[in-house]
Amino acid sequence: MAAEAPHRLYHYAACGTCRKAIAWLRERAIPFEAIDITTTPPPMGLLRQAQEQLGGRTRLFNTSGQSYRALGAARVKAMEESAALEALAADGRLIKRPFLVTGSGRILTGFRPQEWEELLGSPQDSRAAAAPKPVHP
7 MAAEAPHRLY HYAACGTCRK AIAWLRERAI PFEAIDITTT PPPMGLLRQA
57 QEQLGGRTRL FNTSGQSYRA LGAARVKAME ESAALEALAA DGRLIKRPFL
107 VTGSGRILTG FRPQEWEELL GSPQDSRAAA APKPVHP
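The sequence shown maps to residues 7 to 143 in the working numbering.
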(Lines of atoms letter the chains of each structure in order from A and count residues from 1; the text may use other names and numbers.)
(Lines give C-alpha, C1' and ligand atoms only; values in the text may rest on other atoms or scores of the structure.)
Protein backbone atom coordinates (compact mmCIF):
# COMPACT_ATOMS: atom_id res chain seq x y z
CA MET A 1 0.00 0.00 0.00
CA ALA A 2 1.35 3.44 -0.96
CA ALA A 3 2.10 6.01 1.71
CA GLU A 4 -0.53 8.69 2.15
CA ALA A 5 0.26 12.22 1.04
CA PRO A 6 0.93 14.44 4.05
CA HIS A 7 -1.25 17.25 2.71
CA ARG A 8 -4.80 17.21 1.36
CA LEU A 9 -5.82 19.80 -1.21
CA TYR A 10 -9.52 20.25 -1.84
CA HIS A 11 -9.79 21.92 -5.24
CA TYR A 12 -12.05 22.55 -8.22
CA ALA A 13 -10.54 21.66 -11.60
CA ALA A 14 -12.08 24.68 -13.37
CA CYS A 15 -10.68 27.12 -10.78
CA GLY A 16 -7.64 29.07 -11.95
CA THR A 17 -6.53 29.78 -8.39
CA CYS A 18 -6.64 26.06 -7.61
CA ARG A 19 -4.54 25.32 -10.70
CA LYS A 20 -1.97 27.89 -9.51
CA ALA A 21 -1.86 26.28 -6.08
CA ILE A 22 -1.37 22.82 -7.59
CA ALA A 23 1.43 24.13 -9.82
CA TRP A 24 3.05 25.81 -6.79
CA LEU A 25 3.01 22.54 -4.83
CA ARG A 26 4.36 20.53 -7.78
CA GLU A 27 7.16 23.05 -8.48
CA ARG A 28 8.32 22.54 -4.91
CA ALA A 29 7.86 18.75 -5.02
CA ILE A 30 5.50 18.97 -2.04
CA PRO A 31 3.42 15.78 -1.96
CA PHE A 32 -0.34 16.18 -1.67
CA GLU A 33 -3.59 14.37 -2.27
CA ALA A 34 -5.88 16.23 -4.67
CA ILE A 35 -9.57 15.99 -3.76
CA ASP A 36 -12.37 17.41 -5.92
CA ILE A 37 -14.18 19.79 -3.57
CA THR A 38 -17.37 19.66 -5.66
CA THR A 39 -17.83 15.89 -5.30
CA THR A 40 -16.11 15.39 -1.94
CA PRO A 41 -16.36 18.52 0.23
CA PRO A 42 -14.44 18.58 3.51
CA PRO A 43 -16.41 16.78 6.23
CA MET A 44 -18.23 18.69 8.95
CA GLY A 45 -15.53 18.03 11.57
CA LEU A 46 -12.84 19.45 9.31
CA LEU A 47 -14.96 22.51 8.53
CA ARG A 48 -15.48 23.05 12.26
CA GLN A 49 -11.71 22.79 12.77
CA ALA A 50 -11.13 25.29 9.94
CA GLN A 51 -13.62 27.71 11.47
CA GLU A 52 -11.75 27.57 14.78
CA GLN A 53 -8.31 27.97 13.19
CA LEU A 54 -9.34 30.78 10.85
CA GLY A 55 -11.23 32.77 13.48
CA GLY A 56 -14.76 32.31 12.16
CA ARG A 57 -16.57 31.36 9.02
CA THR A 58 -15.72 34.43 6.94
CA ARG A 59 -12.66 32.79 5.33
CA LEU A 60 -14.58 29.57 4.68
CA PHE A 61 -17.12 30.96 2.21
CA ASN A 62 -16.34 31.48 -1.48
CA THR A 63 -18.13 34.82 -1.66
CA SER A 64 -17.48 35.23 -5.40
CA GLY A 65 -19.04 31.90 -6.39
CA GLN A 66 -22.41 31.22 -7.99
CA SER A 67 -23.56 29.01 -5.11
CA TYR A 68 -22.91 31.83 -2.63
CA ARG A 69 -24.70 34.39 -4.79
CA ALA A 70 -27.67 32.02 -5.20
CA LEU A 71 -27.85 31.55 -1.44
CA GLY A 72 -27.48 35.26 -0.79
CA ALA A 73 -25.07 37.13 1.46
CA ALA A 74 -27.83 38.27 3.83
CA ARG A 75 -29.07 34.71 4.30
CA VAL A 76 -25.54 33.43 4.94
CA LYS A 77 -24.91 36.21 7.44
CA ALA A 78 -28.14 35.37 9.29
CA MET A 79 -27.33 31.65 9.52
CA GLU A 80 -26.42 30.10 12.83
CA GLU A 81 -22.96 28.54 12.89
CA SER A 82 -24.28 24.98 12.66
CA ALA A 83 -26.46 25.84 9.64
CA ALA A 84 -23.55 27.58 7.92
CA LEU A 85 -21.29 24.55 8.42
CA GLU A 86 -24.04 22.24 7.15
CA ALA A 87 -24.43 24.38 4.03
CA LEU A 88 -20.67 24.27 3.41
CA ALA A 89 -20.52 20.50 3.93
CA ALA A 90 -23.45 20.01 1.53
CA ASP A 91 -22.11 22.20 -1.32
CA GLY A 92 -18.36 22.25 -1.89
CA ARG A 93 -18.73 25.19 -4.27
CA LEU A 94 -19.64 27.35 -1.28
CA ILE A 95 -16.18 26.74 0.22
CA LYS A 96 -13.28 29.12 -0.38
CA ARG A 97 -10.75 27.26 -2.46
CA PRO A 98 -8.25 25.88 -2.63
CA PHE A 99 -8.76 24.39 0.83
CA LEU A 100 -5.47 22.95 2.08
CA VAL A 101 -5.11 20.68 5.10
CA THR A 102 -1.46 20.15 6.00
CA GLY A 103 -0.06 16.96 7.44
CA SER A 104 0.08 18.69 10.83
CA GLY A 105 -3.59 19.69 10.64
CA ARG A 106 -3.18 23.38 9.76
CA ILE A 107 -5.78 24.68 7.33
CA LEU A 108 -5.44 27.38 4.69
CA THR A 109 -8.17 28.69 2.41
CA GLY A 110 -7.46 30.52 -0.82
CA PHE A 111 -4.02 30.70 -2.37
CA ARG A 112 -1.69 33.37 -1.06
CA PRO A 113 1.84 32.19 -2.01
CA GLN A 114 3.57 34.04 0.84
CA GLU A 115 1.28 32.43 3.42
CA TRP A 116 1.82 29.00 1.87
CA GLU A 117 5.62 29.53 1.85
CA GLU A 118 5.56 30.50 5.53
CA LEU A 119 3.68 27.32 6.38
CA LEU A 120 5.12 24.82 3.90
CA GLY A 121 8.52 26.31 3.05
CA SER A 122 9.93 27.72 -0.15
CA PRO A 123 12.22 26.04 -2.68
CA GLN A 124 15.05 28.30 -1.53
CA ASP A 125 14.62 26.99 2.02
CA SER A 126 14.90 23.35 0.94
CA ARG A 127 17.85 24.04 -1.39
CA ALA A 128 19.65 26.03 1.30
CA ALA A 129 19.15 23.25 3.83
CA ALA A 130 20.41 20.61 1.38
CA ALA A 131 23.36 22.59 0.00
CA PRO A 132 26.74 21.97 1.58
CA LYS A 133 28.08 24.86 3.63
CA PRO A 134 31.29 26.40 2.32
CA VAL A 135 34.29 25.92 4.57
CA HIS A 136 36.57 28.93 5.00
CA PRO A 137 40.09 28.45 6.39
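Where a beta carbon is used, it is the ideal one built from N, C-alpha and C, also for glycine.
These figures come from a predicted structure and were not determined experimentally.
### Cβ-based burial, T69 [other Cβ within 10 Å; buried from 16]
exposed
#### Entry: Sufficient close CB pairs (3 or more, under 8 Å) joining the stretch 54-67 to the stretch 33-40
no
### Query
In terms of residue numbering, what span does the alpha helix (DSSP H) encompassing E124 cover?
119-126
### Message
Counting C-beta neighbours from all protein chains within 10 Å, is the total for A90 16 or more, i.e. buried, or is it exposed?
### Response
buried
### Task
Please classify T44: does DSSP put it in a helix, a strand, or coil?
coil
### Message
Excluding the 5 residues flanking S110 on each side, which residues of the same chain have their C-beta closer than 8 Å to its C-beta?
### Response
none
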